[in-house]
Amino acid sequence: MRDLSQHLEHFALNTATLRQWPLERIIEGCARRGIRAIAPWHADVERVGVAQTKRLLREAQIELAGYCRGGLFPVAQASERDAVFERNRRVLDAARELDAPCVVLVVGGLPGAMEGEPQSRDLAGAREQVKDGIARILDYAKSLRMPLAIEPLHPMYAADRACVNTLEHALDLCDEIDPSMQGDLGIAVDCYHVWWDPKVDAQIARAGKQRLLGFHVCDWLVPTRDMLNDRGMMGDGVIDIARLRSQVERAGFDGFIEVEIFSSDNWWKRDGDDVLDTCVARYRTVV
85 MRDLSQHLEH
95 FALNTATLRQ
105 WPLERIIEGC
115 ARRGIRAIAP
125 WHADVERVGV
135 AQTKRLLREA
145 QIELAGYCRG
155 GLFPVAQASE
165 RDAVFERNRR
175 VLDAARELDA
185 PCVVLVVGGL
195 PGAMEGEPQS
205 RDLAGAREQV
215 KDGIARILDY
225 AKSLRMPLAI
235 EPLHPMYAAD
245 RACVNTLEHA
255 LDLCDEIDPS
265 MQGDLGIAVD
275 CYHVWWDPKV
285 DAQIARAGKQ
295 RLLGFHVCDW
305 LVPTRDMLND
315 RGMMGDGVID
325 IARLRSQVER
335 AGFDGFIEVE
345 IFSSDNWWKR
355 DGDDVLDTCV
365 ARYRTVV
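Everything in the sequence shown is counted per the working numbering, starting at 85 for the first residue and increasing by one.
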């Protein structure tokens with residue numbers, strides 16, 4: 085395993101971890117600490133502007149570890165699918181302009197469920213739409229040389245955010261849609277979503293270097309008070325993060341380790357400098 089205790093060479097911050105700060109301040113705060121990579125969200129980049137974001141990153145000497153997010157493929161009507169493609173195309177264009185190494189896909193669940201008004205109970209149909217949507221956008225992504233990383237989410241999100249819930253399912257999709265194994269389509273392994281899976285070790289090994297495009301860390305709190313926004317700081321929960329890291333590195337992953345914490349009642353309420361300093365400290369000692 086890589087030694088993380090002495091430097092921040094492999095540290096990356098998903099900007100959702102500091103929701104209390106705008107993107108500009110996050111870039112400045114990371115640069116001040118010698119953090120060399122972030123994973124921004126498309127909505128924040130759109131607010132700042134792609135050209136301005138690129139300038140800020142260049143001046144701070146910060147690169148991207150990934151780009152959030154594409155996906156959300158299932159829709160109620162077939163006539164809506166072109167709009168889904170165009171939305172994803174804009175995400176890919178921005179990611180390419182910013183030299184992101186990949187776009188993370190949160191694939192979506194039942195149509196309307198994220199808005200609290202599910203329009204279907206057809207989970208199998210939603211999964212077919214996900215497969216078709218990835219296959220369609222992959223051709224465009226390949227033309228940009230922009231890899232896509234399917235991120236399976238915990239099964240508690242199957243209805244609304246992602247109907248791909250295991251690494252096995254994500255890798256099955258990769259093998260079916262793009263069997264060439266050229267690095268165009270792979271997975272993002274997020275500890276929060278996969279730590280519980282009894283097949284996690286075997287599926288990480290199956291993925292190998294060509295499919296492992298991202299590794300995200302935070303912790304699972306007991307009890308968890310909110311399904312979406314109560315993730316823990318590394319070391320505050322029950323995930324054996326270091327063991328999962330050892331598995332992805334043994335499989336060939338040598339990229340950035342991305343800290344991604346959604347925490348509406350804790351870390352988002354704290355001083356941003358304290359949050360960032362704690363992320364760095366736990367990265368050195370827990371991850």
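Think of the CB as a built atom: it goes at the ideal place given N, C-alpha and C, for glycine as much as any other residue.
These numbers were taken from a predicted model, which means no experiment stands behind them.
For E108, the enclosing alpha helix (DSSP H) has its first and last residue at 107 to 117. According to DSSP, residue pairing for N98 in a beta bridge involves A123.
Counting the other CB atoms within 10 Å of its CB gives V306 a total below 16, which places it among the exposed residues. Going by DSSP, V190 is part of no alpha helix (DSSP H) but of the beta strand (DSSP E) stretching over 187 to 190. In this structure, D262 sits near L269, with a CB-CB distance shorter than 8 Å.
In the DSSP secondary-structure assignment, G154 is bridged to L189. When the five nearest sequence neighbours on each side are left out, the beta carbons in the same chain lying within less than 6 Å of the beta carbon of M85 are those of S330, E333, in order along the chain. The segment 151 to 165 makes no contact with the segment 132 to 141, as fewer than three CB pairs between them are under 8 Å. Annotation for I221: no beta strand (DSSP E) segment contains it, though the alpha helix (DSSP H) segment containing it runs 207 to 228.
The secondary-structure analysis by DSSP pairs E342 across a beta bridge with A96, H300. According to DSSP, A233 shares a beta bridge with V188, G270.
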